[in-house]
Structures are given as C-alpha cells and as structure tokens.
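According to mature numbering (1 follows the signal peptide of the UniProt record, and there is no 0), the residues represented by the sequence shown are -18 to -1, 1 to 263, in order. Have a look at the structure below, then the notes.
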Amino acid sequence: MKLFTLTLLIALCLSANAKDPINNRRFPKTFKVGVANAAPQIEGAWNTDGKGETIWDHFAHTQPEKIIDRSTPDVACNSYYQYKEDIAMVKEMGLDHYRLSIAWSRILPTGYVDSLNQLGVQYYKDVFQELKKNNIEPLVTLYHWDLPQPLQEQMNGWINETIVDIFADYCKLCFELFGDDVKWWITINEPKQVCQAGYGSGVLAPGIVSNGILDYVCTKNVLLAHAKAWHIYDEQFRAKNKGQVAMVIDSTWYEPGSDSQEDKDAAERAQQFDVSIIIYK
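If you want it as structure tokens, here you go:
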C-alpha cells in the first residue's frame, strides 16, 4: 500500500496578493495543495542500478534496534519500480503538485560529482517526464536526510566544513540536469532534525551522540551549504529557469502552562531556542 503525506504547500502562497479580500472559508487561488514523500521513505531499490549506500541504509542495517519496527529503506514502497502508479494516484486525487526528493547517492554513489551514475540520472528524468505528462508540478528536495555513506565515513559528514562545497557541487549538478523540469527546489529538509537528532541525540542517522557540540557544528554547515546552493542558483540558473530555492524548516510549538507572565516568557524562550538557530537573521 502506498502512503502519501497530504501537504499544504504554504510556501507557494507567498505570491498571493496582500490586497485580496480575506475569506476564512476559502483558500486563495494561489494556494497549492499536493502530496509529499522522500526518496528513502518510498523508493526502495537501495543498492540497485549503481545507487550508493546512504547513512540511513547503514543506520537501518547496523543499528536496527533504534527503529521501532526495524524497517529499512531496502524496499520501502518500491516506488523505484512503481513511480508511474504513484503518479497516477496523485492525479486521481485531483492534485497537481508533488513534492519528492532526489537520492544524492542514486546519482552520485560516492557523493562527489566525479561519480555520476547515468542510470540514476535517467530514473529522475523519467519521473519528471511522467509528472509533466500528467500535468503535475514537482517540488524537489535535494537533501532529505540521506547523506551518501562514504561522505560520513571519510569526513564525518555534516560536521566537516568541507561538506559545504561538496553539497553545493551536487546541487549545481542537479540544477544543470533537471532545471528545465523543476522550478521549485528545496535544498535541505528539516535541518533541525538533520543536526539535533543526527549529530546531537543520535536517534536518527548517522546516530552520533554529541548534544550541545556537534549538533551546533552541523547546523552551521547546513546553513552555509543552503546559502551557497541558493547563490549558485540565483547567479547561474535563475535567469534561465526562473525557479525558486528554499529550505524546509520544522519546529515544535510551545504554549505557556498558565496565563502568568513567567510561563509566557518561558514558552517564548523555548520557541526561540527551538527554531531561531535556523531562521534568525
């Protein structure tokens, strides 16, 4: 059975005219609704057609006890082979936007641009063409938690500042390969989870425990990587492809336990601590 997350694509609404009258019973005409998934969650084919190992492949195979149902990305929803059926279901639902992610290691097994896997590239080109044929617009995430395992083993992944340039090279390659078909790019999905859970508490891949130290190092590098990718697109691709680049942010919502000012202040501090490290400017 295929599972999709129904996603309200609020980011796409930023172009709505602020002067439009407010109607609380209707979404504005520019509000887009679609479905979302991620490569490690649905593709499967974890080592097929030249795909390299990811940190989630490695994590699921070597630390299965950290996953409640001990599931792995090995087969998942088998979308690598059944993407046409998935897209047909999106169309049947009457939706015209589909958020998906590119598996970095499927097109670059080592993580570096000199390891291009043409079978992986062709897979995503086929997916984008199928979406186009069905009048469905893709929103593409470039990093949804699935770092190529060689980058983790060789350089400690997101805690090595060299990752900024390596990620930027990967993003540039994707802009070159898929820019004609993709106008909405997401560089990194939920950096808080990538860093705090992956390099802080260790509950997510790669499972490193270093609360208050390496999670902050990771966050710095993730933000620099996003910024570099954004500027590459802005300077080299935006004029031709006329797309948008953003990052997906997640946050816990905090509310005061009472109406006291002390509790209100505490809730605000918690909220700021939770998300301001990512969005503060």
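Ideal Cβ placement from N, Cα and C applies to all residues, glycine included. Fair warning: this is a prediction, and the values are worked out from it, not measured in the lab.
Query: Segment contact flag, the segment 90 to 110 with the segment 48 to 60, C-beta cutoff 8 Å, min 3 pairs; Result: no
Query: Host beta strand (DSSP E) of residue 120 (start-end); Result: 119 to 125
Query: Span of the beta strand (DSSP E), counted from its first residue to its last, around residue 171; Result: 166 to 171
Query: Reference residue 152; option with closest CA among 163, 171, 125; Result: 125
Query: Proximity test, residue 142 beta-carbon vs the ligand ZN heavy atom, cut-off 7 Å; Result: As for the ligand ZN, it is missing from this structure, which has no ligand bound.
Query: Distance CB(residue 147)-CB(residue 120) smaller than 8 Å; Result: no
Query: Three-state class that DSSP yields for residue 45 in the structure shown; Result: coil
Query: Nearest-angstrom beta carbon gap, residue 131 and residue 216 [assumed within contact, 8 Å]; Result: About 31 Å; that fails the 8 Å criterion.
Query: Which residues DSSP lists as bridging residue 130, in chain order; Result: 36
Query: Three-state class that DSSP yields for residue 72 in the structure shown; Result: helix
Query: Beta-carbon proximity check, residue 176 vs residue 170, cutoff 8 Å; Result: yes
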